Amino acid sequence: MLKSIEGNFENPEVFELLTKHFIELRAASPEGSAHVLDIPGLKVPSIKFWSLWENQKLVGSGALKFLDNEHGEFKSIRVHDNFRNKGYGIKVINHLINEAIKLKIKKISVETGAGEFFKPARKLFKKCDFKPCKPFAHYKEDVNSLYLTKHINNN
Numbered sequence: 006m007l008k009s010i011e012g013n014f015e016n017p018e019v020f021e022l023l024t025k026h027f028i029e030l031r032a033a034s035p036e037g038s039a040h041v042l043d044i045p046g047l048k049v050p051s052i053k054f055w056s057l058w059e060n061q062k063l064v065g066s067g068a069l070k071f072l073d074n075e076h077g078e079f080k081s082i083r084v085h086d087n088f089r090n091k092g093y094g095i096k097v098i099n100h101l102i103n104e105a106i107k108l109k110i111k112k113i114s115v116e117t118g119a120g121e122f123f124k125p126a127r128k129l130f131k132k133c134d135f136k137p138c139k140p141f142a143h144y145k146e147d148v149n150s151l152y153l154t155k156h157i158n159n160n
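Numbering (the working numbering), first residue to last: 6 to 160.
Now the structure itself:
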């Protein structure tokens with residue numbers, strides 16, 4: 006069972022994970038197509054961020070940005086290298102979906118890259134039943150981006 010901590014940016018392990026995430030995504034995305042948030046960007050009031058832990062080891066992170074009262078966007082989903090390819094990506098996504106349900110979100114969207122580096126992310130979102138959609142919120146058509154969405158049941 007994963008334990009989640011909201012915020013927790015001061016934790017050095019969380020800081021290191023997010024910094025690595027930011028650097029890798031910036032490097033893998035062409036100029037003008039990188040939509041990764043840095044730590045100050047994750048601290049804005051419209052975003053909730055969680056670090057996820059198992060047996061006091063950092064598994065990963067994820068954030069939910071409120072686009073409106075019923076529509077959220079996933080941001081900064083990252084699985085620590087020590088937990089990759091072991092089913093933890095789905096656990097992180099499911100945790101974020103459960104948090105979204107608690108917050109009465111009915112639709113979750115995500116932007117990810119279209120390049121080879123982002124293939125594992127696209128595979129994970131497909132496995133979690135996200136479907137392609139048009140650009141949402143501030144996003145525009147971009148050959149380097151793929152937009153996905155999923156309706157969630159929060160009865």
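The beta-carbon is built from N, C-alpha and C at its ideal position, and this holds for glycine as well.
Bear in mind that the values here come from a model prediction, so they are computed numbers and not experimental data.
- By alpha-carbon distance to asparagine 149, the top candidate from His156, Pro140, Leu69 is Pro140.
- Looking at the backbone, the Cα of lysine 132 and that of lysine 111 are separated by about 19 Å.
- From the listed residues Gly67, Ser81, Leu153, the smallest Cα separation to tryptophan 55 is found for Gly67.
- Secondary structure of glycine 46 (DSSP, three-state): helix.
- Fully contained in the segment 86-122 are the following alpha helix (DSSP H) runs of length 4 or more, in chain order: 93-107.
- Judged by DSSP secondary structure, valine 19 falls outside any beta strand (DSSP E) and instead within the alpha helix (DSSP H) spanning 17-33.
- In the DSSP annotation of this structure, lysine 62 is not part of any alpha helix (DSSP H); the continuous beta strand (DSSP E) holding it starts and ends at 62-71.
- Taking the Cβ atoms as the reference, valine 19 lies roughly 7 Å from leucine 63, within the contact range of under 8 Å.
- Between the segment 11-26 and the segment 75-84 there are three or more inter-stretch CB-CB distances shorter than 8 Å, so the stretches are counted as touching.
- Between lysine 53 and glutamate 15 a beta carbon distance of about 16 Å is seen, past the 8 Å cut, so the two are scored as non-contacting.
- Glycine 94 counts as buried, since at least 16 other C-beta atoms from the protein chains shown sit within 10 angstroms of its C-beta.
- Between alanine 142 and the set Ser34, Pro45, Gly77, the nearest pair of CA atoms involves Gly77.
- In the displayed model, proline 125 falls within a helix according to three-state DSSP.
- Relative to phenylalanine 130, the option among Lys145, Glu121, Asp43, Tyr152 whose CA is nearest is Tyr152.
- If you compare the alpha carbons of Ala126, Ser38, Asn158, Ala33 with that of arginine 89, the shortest gap goes to Ala126.
- Rounded to whole angstroms, the gap between the alpha carbons of glycine 37 and leucine 47 is 19 Å.
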